[in-house]
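**Student:** Heads up: the sequence shown begins at 444 in the numbering used here, then just goes up one per residue. From the three backbone atoms N, C-alpha and C, an ideal C-beta is built for every residue, glycine too. Right, I'll just put the structure down here and ask away after.
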Amino acid sequence: MTLAVVTGGGSGIGREIAKALRREGYEVAVTVLPGTLAPGDDGLGVFPCDAGDEAQIEALFDKLAETYGRAPSVIVNNAGIQTWSPLLKLSTEDWDRVITTNLRGTFLNTRIGAGRMVAEGRSGAIINIGSGCNKLAFPNLIDYGASKGGIEQFTKSAAAELGPKGIRVNCVAPGAIETDRTRLETDAYAEEWAALTPLRRIGTPEDVAEAVLFLASERAAFITGQTLAVDGGVFSQAPWPSYG
Ligand code: NDP
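Rendered as structure tokens:
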């Protein structure tokens with residue numbers, strides 16, 4: 444059975460990705476922030492690990508080797524946070540927190556996880572969860588947008604370096620996806636984004652999970668370094684004045 448690890452797999456999109464991988468026949472471990480309640484098992488292994496903490500990630504991969512007898516062949520870098528602030532009021536602490544979890548976390552889990560794959564002579568697939576929000580300047584999300592833009596470029600460079608070692612690296616960039624978290628952003632999150640989206644609906648965690656399943660699988664055997672938008676077309680469409 445192929446072993447997959449999904450960071451930040453306790454809720455939202457990460458949870459759905461983990462469940463979908465499990466249904467597809469993968470053995471799946473998810474990471475959750477230390478101190479948070481481990482959610483109901485869904486047949487998943489649950490491992491506390493802060494996605495931005497190097498020592499904890501080294502310990503995670505040791506623990507995975509001990510538990511499953513091997514390194515994961517699929518790594519999904521999903522853990523992500525955002526803060527909301529205009530640039531001139533954005534604190535250094537918030538900037539560091541967002542960059543640490545999102546971008547540093549993707550780097551560390553890739554370097555350490557791919558290192559373990561290479562040491563075991565194993566090929567694999569790494570899927571980074573980016574965002575459509577680095578395609579445009581989103582208000583109050585400059586730290587988040589920078590982290591996701593960084594993830595997209597990191598994906599290309601990592602793909603170029605890890606390709607010769609049999610490891611593919613791709614990015615999935617969701618548009619507006621309805622999760623417990625995004626539902627709290629505005630009163631009518633789903634309706635507002637559906638109206639802006641060419642496919643006229645909001646995305647679901649299942650939409651994102653399908654793209655991850657594809658990129659993890661042999662069906663994507665010749666695809667690496669790419670970002671696949673899962674956004675109903677919303678970030679392909681420029682804002683345009685109305686001419687009546
Ligand atoms: P959630 O907040 O539901 O999921 C994020 C998960 O990551 C949570 O379980 C959270 O745990 C966990 N997490 C946060 N920080 C850490 C950390 N340091 N170490 C380990 N786990 C951590 O959000 P979504 O499901 O919406 O987002 C998932 C990913 O998708 C993120 O990378 C996000 O940026 C991206 N995305 C989401 C979009 C959307 O519309 N929903 C759009 C574009 C991209 P806890 O809850 O305990 O904090």
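My output table needs one value for THR470: the three-state DSSP class, helix, strand or coil.
**Tutor:** Correcting the residue identity first, residue 470 is Glu in this sequence and not Thr. Of the three classes helix, strand and coil, the one that applies to GLU470 here is strand, per DSSP.
**Student:** Grab the span of the beta strand (DSSP E) containing ALA672 for me, first residue to last.
**Tutor:** Per DSSP, ALA672 belongs to the beta strand (DSSP E) from 670 to 673.
**Student:** Between the C-alpha atoms of THR629 and ILE594, what's the straight-line distance to the nearest angstrom?
**Tutor:** Taking the straight line joining both Cα atoms gives about 26 Å.
**Student:** By DSSP, does PHE490 sit in helix, in strand, or in coil?
**Tutor:** The answer is strand: DSSP assigns PHE490 an E or B state.
**Student:** Does any heavy atom of ligand 1 sit closer than 7 Å to the C-beta of LEU507?
**Tutor:** LEU507: no, Cβ never under 7 Å from ligand 1.
**Student:** Between LEU476 and ligand 1, is there a pair consisting of the residue's CB and a ligand heavy atom that are separated by less than 7 Å?
**Tutor:** Result yes, Cβ under 7 Å from ligand 1.
**Student:** Where does LEU446 land, buried or exposed, given buried means 16+ other C-beta within 10 angstroms?
**Tutor:** LEU446 comes out buried.
**Student:** Output the distance between the C-alpha atoms of THR424 and LYS578, rounded to the nearest integer angstrom.
**Tutor:** Since the first residue shown for the chain is 444 and the last is 687, residue 424 is missing from the structure and cannot be characterised.
**Student:** Quick check: what's the CA-CA separation for GLU634 versus LEU584?
**Tutor:** About 21 Å.
**Student:** Starting from the Cα of GLU459, find the closest Cα among ARG662, ALA601, VAL651 and give me that residue.
**Tutor:** Answer by Cα proximity: VAL651.
**Student:** With H, G and I counted as helix, E and B as strand and the rest as coil, what does DSSP make of GLY609?
**Tutor:** The answer is coil: DSSP assigns GLY609 none of H, G, I, E or B.
**Student:** Looking at the structure shown, is ALA602 part of a helix, part of a strand, or coil, going by DSSP?
**Tutor:** ALA602 falls in the helix class under three-state DSSP.
**Student:** How far does the beta strand (DSSP E) with VAL448 in it reach, from first residue to last?
**Tutor:** Looking at the DSSP string, the run of the beta strand (DSSP E) that includes VAL448 is 446 to 449.
**Student:** Quick one: what does DSSP say PRO641 is sitting in, helix, strand or coil?
**Tutor:** PRO641: coil per DSSP, three-state reduction.
**Student:** For TYR469, is the classification buried or exposed, using 16 other Cβ atoms within 10 angstroms of its Cβ as the cut-off for buried?
**Tutor:** The residue in question, TYR469, is buried, as its Cβ has 16 or more Cβ neighbours within 10 Å.
**Student:** Taking the straight line between their C-alpha atoms, what separation do you get for ARG513 and LEU507?
**Tutor:** Whole-angstrom Cα-Cα distance: 7 Å.
**Student:** Alpha carbons only, please: which of VAL517, GLU563, LEU546 is nearest the one belonging to GLU497?
**Tutor:** Taking only the C-alpha atoms, the option nearest GLU497 is LEU546.
**Student:** Can you say whether ALA619 is buried or exposed, counting buried as having 16 or more other CB atoms within 10 angstroms of its CB?
**Tutor:** Looking at its Cβ environment, which holds 16 or more other Cβ atoms inside 10 Å, ALA619 is buried.
**Student:** Should ASN583 be counted as a contact of ligand 1 given a C-beta to heavy atom distance under 7 Å?
**Tutor:** Flag unset: Cβ of ASN583 not near ligand 1.
**Student:** Have a look at GLN499 and SER685 and give me their C-alpha separation to the nearest angstrom.
**Tutor:** About 52 Å.
**Student:** Between the beta-carbon of GLY523 and the beta-carbon of THR544, is there less than 8 Å?
**Tutor:** Yes, these two residues count as a Cβ contact at 8 Å.
**Student:** Does ligand 1 have even one heavy atom less than 7 Å from the beta-carbon of THR622?
**Tutor:** Within the cutoff, so yes.
**Student:** Would you check if the distance between the CB atom of ALA659 and the CB atom of LEU671 is smaller than 8 Å?
**Tutor:** Not in contact: ALA659 and LEU671 (Cβ atoms no closer than 8 Å).
**Student:** Mind checking THR598: buried by the 16 CB within 10 Å criterion, or exposed?
**Tutor:** With 16 or more other Cβ atoms within 10 Å, it is buried.
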